[in-house]
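Line order of the protein sequences matches chains A and B. According to the working numbering, the first sequence is numbered sequentially starting from 1. According to the working numbering, the second sequence is numbered sequentially starting from 137. The beta carbon of each residue, even a glycine, is placed where N, CA and C say it ideally should be. Remarks on the structure that follows.
2 protein chains.
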Amino acid sequence: MDNELDTKLHNRDIKPTAMRQLVLEVLTEQTTAISLPELENIFHNADKSTLYRTLKTFEEKKLIHSIDDGSGSMKYALCQEKCDCLPQDLHVHFVCSICQKTFCLNEIPVPTINLPIDFTLESVNMVIKGICSNCN
Amino acid sequence: MDNELDTKLHNRDIKPTAMRQLVLEVLTEQTTAISLPELENIFHNADKSTLYRTLKTFEEKKLIHSIDDGSGSMKYALCQEKCDCLPQDLHVHFVCSICQKTFCLNEIPVPTINLPIDFTLESVNMVIKGICSNCN
DNA sequence: TACTATTTGCAACCGAGTTGCACAAACTTT
DNA sequence: AAAGTTTGTGCAACTCGGTTGCAAATAGTA
Chain A
1 MDNELDTKLH NRDIKPTAMR QLVLEVLTEQ TTAISLPELE NIFHNADKST LYRTLKTFEE
61 KKLIHSIDDG SGSMKYALCQ EKCDCLPQDL HVHFVCSICQ KTFCLNEIPV PTINLPIDFT
121 LESVNMVIKG ICSNCN
Chain B
137 MDNELDTKLH NRDIKPTAMR QLVLEVLTEQ TTAISLPELE NIFHNADKST LYRTLKTFEE
197 KKLIHSIDDG SGSMKYALCQ EKCDCLPQDL HVHFVCSICQ KTFCLNEIPV PTINLPIDFT
257 LESVNMVIKG ICSNCN
């Protein structure tokens, strides 16, 4: 017996505990990225460090990616199915200065940059701040 | 009597107190961006909140800009002479995963992004992580 | 000089993130 | 099934960057 969430977990080599299923379910429902404190509010009876470690595990296994949107708390969002979080997989993020929501602009890959000589690239965090379509 | 630092402060409408002159001097010496904790280490006898407020003032007056490089502490670096910190003034930043230093790539403006319909742009934070020329 | 505004220093606090440790649950091996 | 091992969870405590209130000090002004 293996629903869609369990499959996702299994595909990323994560054992499907109850906690993980619940967290993944919430993450799946979101249209915008979510933070650990927000997750704590949703699961107000769950333990902070368990949620924390759940996110860490998910991130390590590349089920989710983290976005430092400058809000003071890291945001997390589901990766695309075959994402490896390599530079070529990365997309631009957008944070709304009104509603504070953080969007994955999955259709917009991070632009290629010509780094100065002897600088090598590992990853890119590109966050655009502005006003989102809901608030505009 | 008005040295170069005082002129810089004056140009940005900041009263040149002793503390501010010292902090600006340190900022001017840096080739990479610096954080509040680092600044505290340099001025080990100065007060944290004074340094904090000094940076805030500098940033408000656009003498410096802040970079959220994902290290956990905000970094600060001098703005270009006529910078207004508008989107078209922004440049790419680079953080080295070995020496942890954060560089302003002043020659590299942040690329223009075509946002989805009804999204409006205010600012961009683009941080590239990799290995710098010193560590390569 | 007296008054007002600004800056500084101190202390205390907040909140996100993190860790150690003991207990619980799941999985292995016989 | 029992014993042993690995993995996950819950709790408490802590770190650290950032921030604020307030009073003392300093600078600027009438």
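- Contact check between the segment 235 to 249 of chain B and the segment 207 to 221 of chain B: three or more CB pairs, one atom from each, fall below 8 angstroms, which counts as touching.
- Around I14/A, the same chain offers R20, T57, F58, K61, L63 as residues with beta carbons nearer than 8 angstroms, after the five sequence neighbours per side are excluded.
- Taking all protein chains in view, the Cβ of I234/B is surrounded by fewer than 16 other Cβ atoms within 10 Å, so the residue is classified as exposed.
- Straight-line measurement puts the Cα of N125/A at about 10 angstroms from the Cα of P87/A.
- Here DSSP, grouped into helix, strand and coil, assigns I178/B to helix.
- Contact note: S97/A reaches chain B through E258, using a C-beta cutoff of 7 angstroms and chain order.
- Taking 4 residues as the shortest admissible run, the segment 18 to 94 of chain A contains the following complete alpha helix (DSSP H) segments, listed from N- to C-terminal end: 18 to 29, 36 to 42, 48 to 60.
- Neighbourhood of I113/A in chain B, by CB distance below 7 angstroms: V228, I244, I264, in chain order.
- S123/A and H227/B have their alpha carbons spaced roughly 17 angstroms apart.
- For D204/B, the residues of chain A that pass the 9 angstroms Cβ criterion are D68, D69, G70, N125, V127, in the order they occur in the chain.
- When only Cα atoms are considered, N134/A and L27/A end up about 20 angstroms apart.
- Assignment of L115/A by DSSP, reduced to helix, strand and coil, places it in the coil class.
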